[in-house]
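These protein sequences, in sequence, are chains A and D. Each number in the working numbering comes from the position in the first sequence (counting from 1) with 46 added on. Each number in the working numbering comes from the position in the second sequence (counting from 1) with 1 added on.
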Amino acid sequence: MSSRMSCAQVTEHVVAYAWEALDPEERIAVQGHCSECPDCDARLAAARRVVGLLDEALPRVEPPTELRARVLQAVASSAPVDPGAIGSERFTASREADPRVGPHGQRGWRSTPVFRWLLGPSIPPLAAAAVVLVVPLLTWAFLVRPYYEARLSAVQAELARLEEQLAADERIEWTIRSPTTRTIALSPATGSGQAALMFDPERRWGMLIAQHLEPMPVDWAYHVWLVGGGQRLHVGSFTPDDQATGYLLLPDPLPIADPQRIEITRGPTAHPDAGELEFTASF
Amino acid sequence: MLDVERGRQAALATLYDRYSAAVYSVAIAILRDPSRAQDVAQEAFVRSWTHAGSFDADRGSVLNWLLGITRHLAIDELRRAWRAADRAERIEPSDPADPELPDALLERKWRSQEVREALVRLSPVQRQTVELVYFGGYTLTEVAARLEIPTGTVKSRLNAALASLRAALVPPEAPAPEAQQCRPG
Chain A
47 MSSRMSCAQV TEHVVAYAWE ALDPEERIAV QGHCSECPDC DARLAAARRV
97 VGLLDEALPR VEPPTELRAR VLQAVASSAP VDPGAIGSER FTASREADPR
147 VGPHGQRGWR STPVFRWLLG PSIPPLAAAA VVLVVPLLTW AFLVRPYYEA
197 RLSAVQAELA RLEEQLAADE RIEWTIRSPT TRTIALSPAT GSGQAALMFD
247 PERRWGMLIA QHLEPMPVDW AYHVWLVGGG QRLHVGSFTP DDQATGYLLL
297 PDPLPIADPQ RIEITRGPTA HPDAGELEFT ASF
Chain D
2 MLDVERGRQA ALATLYDRYS AAVYSVAIAI LRDPSRAQDV AQEAFVRSWT
52 HAGSFDADRG SVLNWLLGIT RHLAIDELRR AWRAADRAER IEPSDPADPE
102 LPDALLERKW RSQEVREALV RLSPVQRQTV ELVYFGGYTL TEVAARLEIP
152 TGTVKSRLNA ALASLRAALV PPEAPAPEAQ QCRPG
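Below, the structure is given as structure tokens:
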């Protein structure tokens, strides 16, 4: 198999890739192509999602309790990898192909050629001792520390984004599956379209879904308001996607403890107050 | 820096607490060896953590991403063990002539009724191929040799099985991407 594949060849292999059934050479060729071809990459992601549903449906087996400490410790001694350095391996990372993993499974700087060279048997003990002391200090001072300091803020931002995503995923899943969730249809005040609020009164989590929305200027959005206790507060905005559908997860906690009504207005993104009422419903 | 480190640890602990059972379940289903499954689960969390920047929410959920990493590592480990002839056993293909999969077996393998029904709807030869690949870690070439059929037939069975599972498990929104044409460019 050639290391470069055409779209037709990749299309033929994409499902087998998702099932992890390709030989390593074919796998690398598919990855290489998908890293440069958004269409094939989308096919790959869609196929993987289906296989992922099987993964999620396997019977749950709780790991031994001591694994938690092992994982936390292992991660504490590992370093974040620059996403740009791992190319198309967004879903997987081959153990054999990972240059950061040493021959005995050691990770990070311990697996670098410099460190393996330092540990080599051919270095005289004295020189080795000097190198072992000086090189790490210089490396730390001039390479490692500046690198990590520069990366820390990026890692922090990524963590915050992941945490937010995790929390949002949990709220969406809960809101959809909770037996106490109520679906409240919003009445259209003007224009067309449909909107509904899925709201779980126990956790006070809500998700608004609107569809068949009218097109609007690029600098406009739908603005969502909660009304209650003498207040009317803006809780978020959304713009319809190319399927004329939009959704908004209500903030947690709700800014109004006991909202009486929800409203959706349509107007300039920069001036939510200036919008016209499109949908409304009572809780 | 200490605060950042504490933040990292807390976030990782959250990730672990939420998904460790799912991750371990995939590893143990493939490896059938608790010790190796723990190693793989640990490596999956390390990989997800060190490669967190490569997570793309448009391609699927965090869980889907994490389980993809886990399955890839588990199958790598399984194949490595075979090459080293080191304990790991290959699963035997089921007999497609069996008219039905026993309900009890399906229930043991899948906790989701929806997935069980979707798998029952596959043809026996499709299901046999999926089992070899999904649980057994066989490649296309290995399945072809094991069942004495052309590689293209294995590929067709996997394609058909995936299409059938997609139809049963994924809500219809857009045409399946496999069926779409590439944009010229």
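Even for Gly, the Cβ is constructed at its ideal location relative to N, Cα and C.
* Could you spell out where the alpha helix (DSSP H) holding residue 50 of chain D opens and where it closes? => Here residue 50 of chain D refers to the residue found at position 49 when the second sequence is read from its first residue. Residue 50 of chain D -> alpha helix (DSSP H) spans 35–51.
* To do: Work out the CA separation of residue 12 of chain D and residue 180 of chain A for me, nearest whole Å.
  => Indexing the first sequence from 1 puts residue 180 of chain A at position 134. Indexing the second sequence from 1 puts residue 12 of chain D at position 11. Between residue 180 of chain A and residue 12 of chain D, the C-alpha separation is close to 35 Å.
* To do: Taking only beta carbons into account, state which residues of the region 29–41 of chain D come closer than 7 Å to chain A, listed in chain order.
  => 29, 30, 39
* To do: Report the option in A/51, A/248, A/284, A/292 whose CA atom is closest to the CA atom of residue 299 of chain A.
  => Numbered from 1 along the first sequence, position 253 holds the residue referred to as residue 299 of chain A. Here the closest residue by C-alpha is A/248.
* Asked: Among A/70, A/109, A/277, which one has its Cα closest to the Cα of residue 30 of chain D?
  -> For the purposes of this step, residue 30 of chain D is taken as the residue at position 29 of the second sequence. Considering only alpha carbons, the answer is A/109.
* Asked: Using a Cβ-Cβ cut-off of 8 Å (strictly less than) and excluding sequence neighbours within five positions of residue 57 of chain A, which residues of its own chain qualify?
  -> For this step, residue 57 of chain A is matched to residue 11 along the first sequence. Within the same chain, residue 57 of chain A has close Cβ partners 86, 89.
* Asked: Alpha carbon to alpha carbon, what distance is there between residue 176 of chain A and residue 20 of chain D?
  -> Within the second sequence, numbered from 1, the residue matching residue 20 of chain D stands at position 19. Within the first sequence, numbered from 1, the residue matching residue 176 of chain A stands at position 130. Roughly 45 Å separates the two Cα atoms.
* Asked: Counting along the chain, where does the beta strand (DSSP E) carrying residue 154 of chain D start and finish?
  -> Start at 1 with the first residue of the second sequence, and residue 154 of chain D comes out as number 153. Run containing residue 154 of chain D: none in the beta strand (DSSP E); it sits in the alpha helix (DSSP H), 152–170.
* To do: Pick helix, strand or coil for residue 142 of chain A, following the three-state DSSP scheme.
  => The count along the first sequence starts at 1 and reaches residue 142 of chain A at position 96. The predicted model places residue 142 of chain A with a pLDDT of 37, which falls under 50 and marks its position as unreliable; any figure quoted below should be read in that light. Coil at residue 142 of chain A, not helix or strand.
* Cβ of residue 163 of chain D less than 8 Å from any chain A Cβ? -> Here residue 163 of chain D refers to the residue found at position 162 when the second sequence is read from its first residue. Cβ-Cβ to chain A under 8 Å: yes for residue 163 of chain D.
* **7 Å Cβ cut-off: residues of chain D touching residue 306 of chain A** => Residue 306 of chain A sits at position 260 when you count from the first residue of the first sequence. Near residue 306 of chain A there are no residues of chain D at all, since even the closest Cβ is about 33 Å away, more than 7 Å.
* To do: Would you mind telling me which residues of chain D sit closer than 8 Å to residue 113 of chain A, beta carbon to beta carbon, in chain order?
  => For the purposes of this step, residue 113 of chain A is identified with residue 67 of the first sequence, where counting begins at 1. By Cβ distance, chain D contributes 21, 25, 39, 42, 43.
* residue 392 of chain A by DSSP, collapsed to three states: which one? -> Limits of chain A in this structure are 47 at one end and 329 at the other, which puts residue 392 of chain A out of reach.
* **Own chain residues within Cβ distance below 7 Å of residue 313 of chain A, not counting five before or after** => Residue mapping note: residue 313 of chain A aligns to position 267 of the first sequence, counting from 1. Cβ within range, chain order: 266, 269, 320, 321, 322.
* Asked: DSSP three-state call for residue 139 of chain D: helix, strand or coil?
  -> The residue given as residue 139 of chain D occupies position 138 in the second sequence. Residue 139 of chain D: coil per DSSP, three-state reduction.
* residue 141 of chain D touches chain A at which residues, Cβ-Cβ below 8 Å? -> Counted from its first residue, the second sequence places residue 141 of chain D at position 140. Neighbours of residue 141 of chain D on chain A, chain order: 62, 67, 68, 69.
* Asked: Given that a residue counts as buried once 16 or more other Cβ atoms are within 10 Å of its Cβ, and exposed if not, what is residue 57 of chain D?
  -> Sequence index remark: in the second sequence, residue 57 of chain D carries index 56 (1-based). Classification of residue 57 of chain D: exposed, given that the 10 Å Cβ count is below 16.
* Asked: Since residue 105 of chain A and residue 112 of chain D are thought to touch, with beta carbons under 8 Å apart, how far apart are those beta carbons, to the nearest angstrom?
  -> Locating residue 105 of chain A in the first sequence gives position 59, where the first residue counts as 1. Locating residue 112 of chain D in the second sequence gives position 111, where the first residue counts as 1. Right, the Cβ-Cβ distance comes to about 5 Å (below 8 Å), so this counts as a contact.
* Measure the C-alpha to C-alpha separation of residue 171 of chain D and residue 96 of chain A and round it to an integer number of angstroms. => As a working mapping, residue 171 of chain D is identified with position 170 in the second sequence. As a working mapping, residue 96 of chain A is identified with position 50 in the first sequence. About 7 Å.
* **In DSSP terms, what residue 313 of chain A is bridged to** => To locate residue 313 of chain A, count along the first sequence from 1; it is residue 267. Answer by DSSP bridge pairing, in chain order: A/267.
* Asked: What is the DSSP secondary structure of residue 329 of chain A, counted as helix, strand or coil?
  -> By one-based count along the first sequence, residue 329 of chain A stands at place 283. Residue state, collapsed to three classes: coil.
* Limits of the alpha helix (DSSP H) - the one that residue 62 of chain D falls within -> Along the second sequence, read from residue 1 onward, the residue named residue 62 of chain D stands at position 61. Here residue 62 of chain D belongs to no alpha helix (DSSP H), and DSSP marks it neither H nor E.
* Could you give the DSSP three-state label for residue 180 of chain A: helix, strand or coil? => Along the first sequence, read from residue 1 onward, the residue named residue 180 of chain A stands at position 134. Helix, per DSSP.
* What is the DSSP secondary structure of residue 69 of chain D, reduced to helix, strand or coil? -> As a position in the second sequence, residue 69 of chain D is number 68, starting the count at 1. Residue 69 of chain D: helix per DSSP, three-state reduction.
* Asked: Does any CB atom of chain D fall closer than 8 Å to the CB of residue 101 of chain A?
  -> In the first sequence, the residue the question calls residue 101 of chain A occupies position 55. So yes, residue 101 of chain A belongs to the interface.
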